[in-house]
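S.K.: There's a structure below that I have some questions on.
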Amino acid sequence: MLFLIVYFCFYHQTELLDFAQLFRCAADYWMTFFVFGLVRPQRPLHPCLLRPGPGRYGLPPTIGFIGHDFTKPTSPAYSFHGPAVDLAKTPGPCGYNSTDPNVYLPRQPAFSILGRHTLPKDHTRKPGPGTYNPEAVTVHMARAPAHSLGMRHSEFITPLIIHLPD
106 MLFLIVYFCF YHQTELLDFA QLFRCAADYW MTFFVFGLVR PQRPLHPCLL
156 RPGPGRYGLP PTIGFIGHDF TKPTSPAYSF HGPAVDLAKT PGPCGYNSTD
206 PNVYLPRQPA FSILGRHTLP KDHTRKPGPG TYNPEAVTVH MARAPAHSLG
256 MRHSEFITPL IIHLPD
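Quick look at the structure:
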């Protein structure tokens with residue numbers, strides 16, 4: 106039994122016509138016949154259809170943000186500040202040579218309202234606990250210090266003589 110089956114297939118030619126999504130016409134669809142597994146060759150496209158469509162190129166946008174798709178609705182965009190300033194083009198904190206005002210004006214009194222947070226420290230070097238050796242006194246003196254338990258007698262001091270009444 107011989108069956109004659111004819112399939113009608115529609116091929117969409119979007120690789121040649123980019124504007125086919127917006128403007129559909131009869132040139133966008135081609136009919137191909139499949140008969141007994143053989144493919145009938147397609148007719149060549151007309152030369153005017155091989156050119157780029159109206160949506161293929163255009164002027165850069167002048168309204169809205171760059172890359173705005175005019176086929177889709179957008180909400181309004183407002184900004185409450187001015188245009189951004191490139192701070193790399195402005196001089197930094199040390200960009201200007203400024204003169205100290207004390208050079209050409211009388212010097213103002215210099216004091217601080219803020220108190221000190223640390224106690225004053227003595228930065229001199231002091232010996233540690235093991236550096237004292239009382240026996241090594243003779244290194245810089247002739248003899249060790251000695252104390253007398255009596256009075257010191259001097260020929261230059263007048264002795265104190267008190268007469269007590271009997």
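According to the numbering used here, the stretch in the sequence shown is residues 106 to 271, in order. Using N, Cα and C, we set each Cβ at its ideal position, and we do this for glycine too.
Cα separation between residue 125 and residue 158?
M.R.: Unreliable positioning characterises residue 125 in this predicted model, as indicated by a pLDDT of 44, which lies under 50. The coordinate reading is nonetheless provided below. If I take the Cα positions, the gap works out to 8 Å.
S.K.: With H, G and I counted as helix, E and B as strand and the rest as coil, what does DSSP make of residue 231?
M.R.: Note: residue 231 maps to coil in three-state DSSP.
S.K.: Relative to the C-alpha of residue 256, which residue among 250, 264, 249 is closest?
M.R.: For the residues 250, 264, 249, the minimum Cα distance to residue 256 belongs to 264.
S.K.: Report the three-state DSSP secondary structure of residue 239 (helix, strand or coil).
M.R.: Residue 239 falls in the helix class under three-state DSSP.
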